[in-house]
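Heads up: the sequence shown at position 20 corresponds to 9 in our numbering, and the numbers run straight through without jumps. Quick notes on the structure that follows.
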Amino acid sequence: MRGLMIAKQRRGLRRVEVERAPRLGLLRPTSTGFRVTVRLHDGQTPDDYERVLDKLAHAWRVHSVRLVGWRPGKVTLAATMTDPLETVAGGHSLADGLLRVRVGRLDSGEWFVIDFRKVPHWLNVGATQSGKSNLANALIAGLAPQPVALVGFDLKGGVEFTPYQRRLSALATERAECARLLADLVGIITSRMALCRQHRVKNIWHPRLPEEARPTPIVVLVDEVAELFLMADPKAEKEEVAAVATRLLRIAQLGRAFGIYLVVCGQRVGSDLGPGVTALRAQLTGRICHMVNDDETAKMCLGDMDSRAVAAARQISADRPGTAVVLGADSRWHMERSVHVTEEEAEAAAEEHAELAPSWALLTGGPAIEVADATELERAVEEFTEPDLEDMPV
-10 MRGLMIAKQR RGLRRVEVER APRLGLLRPT STGFRVTVRL HDGQTPDDYE
40 RVLDKLAHAW RVHSVRLVGW RPGKVTLAAT MTDPLETVAG GHSLADGLLR
90 VRVGRLDSGE WFVIDFRKVP HWLNVGATQS GKSNLANALI AGLAPQPVAL
140 VGFDLKGGVE FTPYQRRLSA LATERAECAR LLADLVGIIT SRMALCRQHR
190 VKNIWHPRLP EEARPTPIVV LVDEVAELFL MADPKAEKEE VAAVATRLLR
240 IAQLGRAFGI YLVVCGQRVG SDLGPGVTAL RAQLTGRICH MVNDDETAKM
290 CLGDMDSRAV AAARQISADR PGTAVVLGAD SRWHMERSVH VTEEEAEAAA
340 EEHAELAPSW ALLTGGPAIE VADATELERA VEEFTEPDLE DMPV
């Protein structure tokens, strides 16, 4: 009976042509549908199948078809029978190991895991009521029980992150405060550089670094990043904006090796905010694009990765909050829907694990660093990153 069903399904699949009829391998059932390997004809490439995935989904009468892998002469297609993002049920704990948080489901039916050890920095964009803040709630709820420090930059006057302040090691709500806090973070990078030089290692996760000397990882959450770059009075604010942009970019460039990770959020992120935003975007490998109100934000988030992802992001409807297009560790884009985490649930997690928040004085090794001292710190960072001319090929 099963053999007859598979034979019938194979006949249905063969009705679809990609220039020439595909040569199908054995159907392999999955929890959400099936997988099939297709042998390419001479002259065909995986892109030929990428272009007709929607046609395949309609012809096979399934919800979606994705190209999930290829090797010379073959591609592997995964068909999903029903929409796995229609409803997303959460678990009791979102934490999934150190610096790993299960924040939602992918269109493949698998968990969407943000793993800062694999993808250190993330850009999260979305319009109001799109689910952007819900994703931040999920991250806070998942990171709260872990031995990590959380730092908040809340340019909405503190209304987003103040409920979680007891779990935060530091919180800045004005751009001047952000400048000082960023200077502190540059100082932390400098001190961790010295620690790594002392032990002759390249990052804080190297096994040669003693466990007792390993510093606490820091996850930095930035909300409404555009407010860091907007200038009402360019003459008066240009210097402050430049300082903030330089320090934030410096942290994005060097933070991974020294245990500092960024999650940058915003309703609108465009090149019109200045070259600092574009330079920062290049350092944020992980991308999450919820429903947005303009093409520029979708292109800024996804356009340099995959144009098809931009088109998919612009099709997200307002009646599916929490749905987003994501680009992560596998460099492929997926549809994702976040687990619903209310503000009250995230606040309860922050309150329950408030004792895990290290003090800012402990992290910085002293009082807050003033903005005026940042030049010396940045000079030290530049010295650390200068190439060793003796090791360069002649």
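Don't be surprised by glycine CBs; every beta carbon is placed ideally from N, CA and C. Just so we're clear, the structure is a prediction, and the values are computed from it rather than from any experiment.
Between the region 157 to 174 and the region 137 to 149, do three or more beta carbon pairs fall short of 8 Å? Touching, yes, given that three or more Cβ pairs across the two stretches are closer than 8 Å.
Which whole runs of the beta strand (DSSP E) in the region 200 to 267 are 3 residues long or more, in chain order? 207 to 212 and 249 to 255
Since methionine 70 and histidine 47 are thought to touch, with beta carbons under 8 Å apart, how far apart are those beta carbons, to the nearest angstrom? About 14 Å separates the beta carbons of methionine 70 and histidine 47, which is beyond the 8 Å limit, so they are not a contact pair.
What would DSSP say about alanine 307, mapped onto helix, strand or coil? Looking at alanine 307 - three-state DSSP - the assignment turns out to be coil, as it is neither helix nor strand.
How should glycine 176 be labelled, buried or exposed, when 16 other C-beta atoms within 10 angstroms of its C-beta is the threshold for buried? Within 10 angstroms of the beta-carbon of glycine 176 lie 16 or more other beta-carbons, which makes it buried.
Going by beta-carbon coordinates alone, are arginine 239 and leucine 112 separated by less than 8 Å? no
So is valine 32 buried or exposed if we call it buried at 16+ other beta carbons inside 10 Å? Position check: residue 32 holds glycine in this sequence, whereas valine was assumed. Label assigned to glycine 32: exposed.
Verify whether the separation of the beta carbon atoms of leucine 251 and histidine 110 is less than 8 Å. Leucine 251 is a Cβ neighbour of histidine 110, given a cutoff of 8 Å.
CB-CB under 7 Å to phenylalanine 218, same chain, minus the five flanking residues each way: which ones, in chain order? Val230, Ala234, Leu262, Gly263, Gly265 and Val266
Have a look at Ala168, Ala338 and Glu99 and flag the residue whose alpha-carbon is nearest the alpha-carbon of lysine 227. Each of Ala168, Ala338 and Glu99 was checked against the Cα of lysine 227, and the nearest Cα belongs to Ala168.
Using 8 Å as the threshold, is the C-beta distance between arginine 181 and phenylalanine 247 below it? yes
Inter-stretch contact (C-beta, 8 Å, three-pair minimum) for the region 301 to 320 and the region 344 to 353: The region 301 to 320 vs the region 344 to 353: no contact.
Are three or more beta carbon pairs between the region 126 to 139 and the region 189 to 196 nearer than 8 Å? Of all C-beta pairs linking the region 126 to 139 to the region 189 to 196, fewer than three are shorter than 8 Å, placing the two stretches out of contact.
Hey, out of Gly93, Arg245, Phe101 and Trp322, whose CA is closest to isoleucine 178's CA? Arg245
When DSSP labels each residue in this structure, what does valine 328 get in the three-state scheme? coil
Given valine 25 as reference, the closest of Leu45, Asp293 and Asp72 once Cα atoms are compared: Leu45
Determine the contact status of arginine 326 and glycine 93, defining contact as a CB-CB distance below 8 Å. Yes, the pair counts as a contact, with Cβ atoms nearer than the cut-off.
How many angstroms separate the CA atom of arginine 189 from the CA atom of isoleucine 249? Each residue's alpha carbon lies about 19 Å from the other.
Test item: CB-CB of proline 204 and leucine 174 under 8 Å: no
Which value, in whole angstroms, describes the spacing of the CA atoms of threonine 286 and methionine 294? 13 Å
Using alpha carbons as the reference points, say which of Met289, Cys278 and Leu15 lies closest to glutamine 304. Cys278
If you draw a straight line from the alpha carbon of lysine 107 to that of histidine 30, how long is it in whole angstroms? 36 Å
Considering only C-alpha positions, which residue in the set Leu291, Leu83 and Tyr38 is nearest to arginine 316? The amino acid occupying residue 316 in the given sequence is leucine; arginine does not appear at that position. Answer by Cα proximity: Leu291.
Where do the ends of the alpha helix (DSSP H) carrying asparagine 113 lie? Careful: asparagine 113 lies outside any alpha helix (DSSP H), inside the beta strand (DSSP E) at 110 to 114.
The beta strand (DSSP E) that contains alanine 384, what's its start and end? Outside the displayed range of the chain (-10 to 383) lies residue 384, so it cannot be described from this structure.
Are glycine 259 and glutamate 213 close, meaning C-beta to C-beta below 8 Å? no
Suppose contacts are defined by Cβ-Cβ distances below 8 Å. Is alanine 68 in contact with tryptophan 49 by that definition? yes
Can you name the start and end residues of the beta strand (DSSP E) that lysine 121 belongs to? Unbroken run through lysine 121 is the alpha helix (DSSP H), 121 to 132; no beta strand (DSSP E).
Could you give the distance in angstroms between the alpha-carbon of glutamate 99 and the alpha-carbon of serine 20? 10 Å
Best match in Ala241, Leu16, Ala172 and Lys145 for proximity to alanine 215 [C-alpha to C-alpha]: Lys145
Identify, in the order they occur along the chain, each residue of the same chain with its Cβ nearer than 6 Å to the Cβ of tryptophan 322, setting aside the five sequence neighbours on each side. Asp295, Ala298, Val314 and Leu316.
Rounded to whole angstroms, how far is the Cβ of glutamate 336 from the Cβ of tyrosine 153, which I believe are closer than 8 Å? 6 Å
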